[in-house]
Amino acid sequence: MLRRLLRQHVGRRRRFSQAHDPAVRVAELRDWLARCSQAYYGGEDPLASDAEFDVAMAELAHLEARFPSLRSPTSPTDRVGAPPESHEPVAHSSPMLSLRSVTRLADVHAFLEQTAPSAWTVERKYDGMAIALRYDRHGRFRRAISRGDGEFGDDVTDAVRRAARNLPVHVRNDMNVAFEVRGEAVMPIGSSAATGPLRNQVAGLLRRKLNGRASSSIDLICYQLLLTSGGTQRSHVEDMSLLKSLGFTVDTGLVPCQTPDQVAAAIHDLQASRATFPYESDGVVVKVDASEARLRLGSTARAPRWALAFKFDALQAKSILERIELSVGRTGKVTPVAIVRPVTLGGVVVSRATLHNARHVLQFGIVQQGDVVRIQRSGDVIPHVVRVEPVGPRADRDDVFDVCPCTRRSKLRFEDGEPDAWCVDPHCPSVVVARLVYAVSKNALDVRGLGESAIRQLVDVGLIRDIPDLFDLRQPDLVALPRWDTKKAAAAIASIEMVRERVDQLGLVTSLGIDGVGRTVARRLLDHFGQSGERLLRAPAHELREVKGVGERVASALAAFVASDRARHLLERFRALGMLR
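Take the sequence shown: its letter number 142 is residue 142 in UniProt numbering, and every next letter is one higher.
Below, the structure written as structure tokens:
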């Protein structure tokens, strides 16, 4: 079917061979799709319609799935568009500001009084990732930019082209000026089999952290039109009507209001429909409608004065506690997680809820299987337990935080005044795995081909215990293990060798997993120590505390690490590998 439709659409432009060799067909499709993308991004006349392009892309994805050996990292199914996605910050045409949020209707009424006399609009506040879409004067989509810090964002054009299923790529532009459409990238509730908040999954797809091969699972809900090169800005209602007529998706619940009573009624109605709404919505946005009034009201450094977000109460539901699991992080901190009987909360089935820390659990007294727990999704994102109702007789004592859940069953430790329990066993397998998973992540060493399951396997068989052990791995070691073949092993070893040869000190210091020392703090430390990881890891405690922008808690954690046996061992190993400067 795909092949027949493709011939109908593109036969007049490109005659594909009728060879049955899938490798030949894949090469033809990649070549044609690349030239279509080049014409599109280069501003030339399009070589195909969107439908024709999508049919060819679907056939290529089908062939690559059927014949995995034909996959390529440069395939259009992994990289849409001619130029590679930029990792440099892109300046916004105007700042993407935050919204002032309130939780009381009295604050909404105060806002209405401050902005009167005016007309307003009320629309849903979507819980996703803010996106700016740029179009040229001919109505052609040119670039997508994430919100970033509001002043600069990341170029996510490739990812939006790949993952957004309702992106208009060419629209009628009677305004005859370049324009920008801002909106929220969201996923429908229940559309993903993956776990975790939908907002995080959207961010992962747009940042290429999740497997999004040729998938279209993100929707763009537009809420603002900006004319970036002249033209007359109209009212918000008129802007949204125009965007809808051009094929953009806007909030179906947008309500124009002339009086405060109408605003209150609109808020009530949208909140009442929340439970059955197909997207996660954690509130509404009230906006001044007229563009002249918006210009008069202006903005603060953080938020416009002409808009206000009213946040709904957090969603709650009751369930039955089945057990408490302990998760151990790379620093040894223990996080308790409640495993509960599945319950629907805001359209999402919840079976796990965080208990935050040991102190949070202990405040409920002795918690045990069968208790009734009240679960809340604050901001409609992370489910957590806010209340426990005991059911049945209590045990004599609470032993949840006695020992580490790892195979060594080491005794957990509590620090005075600290809310967390800690595993301080230096050989704890859970800590070792978490450290190594963090070390190979993109923000640290960026080793490809070693996910959590692979790391756990290598730790379990004793091939690695700490970061330097990665660089002692050899291809035969990996091929001898279950689920490893020659190709997979060769790719992992090649990535490890590339890291060893080209390692930068920022990635190396970040990979150490020191509590509080992420990439940003590591950059500050290296700036202070002349970009020398050697100097940093040999620095005395008093000098670490003098680093600008590093607080006392982080400085103390860093000083403790530098003085540890592990740090001395790592220093020696990294020096021998030629990775430390």
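We put the beta carbon where it would ideally sit given N, CA and C, even for glycine.
Computed from a predicted structure; not experimentally measured.
Your pair R435 and G513 checks out as a contact, with CB atoms roughly 5 Å apart and the cut at 8 Å. Looking at Q262, F312, R305, the one whose alpha-carbon comes closest to that of A272 is F312. Checking the DSSP bridge columns, you'll see A338 partnered with I324, A353. In the three-state scheme derived from DSSP, where H, G and I count as helix and E and B as strand, S556 is classed as helix.
Going by DSSP, K311 is part of the beta strand (DSSP E) stretching over 307-311. Check the Cα spacing between E113 and each of A494, N200, K287, A557: the tightest is with K287. Distance from the Cα of F561 is smallest, within the candidate group L544, R575, G549, P476, for L544.
Assignment of M579 by DSSP, reduced to helix, strand and coil, places it in the coil class. If the five residues before and after S98 are omitted, its C-beta is found closer than 8 Å to the C-beta atoms of G150, R302, A303, all from its own chain and listed in chain order. Assigned with DSSP and collapsed to three states, G204 falls in helix.
Minimum Cα-Cα distance from T228 among the listed residues P188, A309, G247, L133 corresponds to L133. With a 10 Å radius around the Cβ and a threshold of 16 neighbouring Cβ atoms, I339 comes out exposed. Judged by DSSP secondary structure, E497 falls within the alpha helix (DSSP H) whose first and last residues are 486-502.
Look at the beta carbons and you see the region 391-409 not touching the region 448-461: under three pairs across the two are nearer than 8 Å. Looking at the backbone, the Cα of P256 and that of E322 are separated by about 47 Å. The continuous beta strand (DSSP E) containing K287 extends over residues 281-288.
Cβ contact annotation for L450 (same chain, cutoff 7 Å, sequence separation greater than five): V440, A492, in chain order.
For K125, the enclosing beta strand (DSSP E) starts and ends at 120-126. Here S410 is buried: its Cβ has 16 or more other Cβ atoms, across all protein chains shown, within 10 Å.
Considering only A358, F471, L473, the residue with the shortest C-alpha distance to D416 is A358. Using a Cβ distance threshold of 7 Å, L242 and V181 do not count as a contacting pair.
Taking a C-beta distance under 7 Å as the contact criterion, Y223 and G253 do not qualify as a contact pair. Counting along the chain, the unbroken beta strand (DSSP E) around P89 starts and ends at 89-91.
Sixteen is the threshold: since fewer than 16 other Cβ atoms of the shown chains lie within 10 Å of the Cβ of M498, the residue is exposed. Judged by DSSP in its simplified three-state form, E59 adopts helix.
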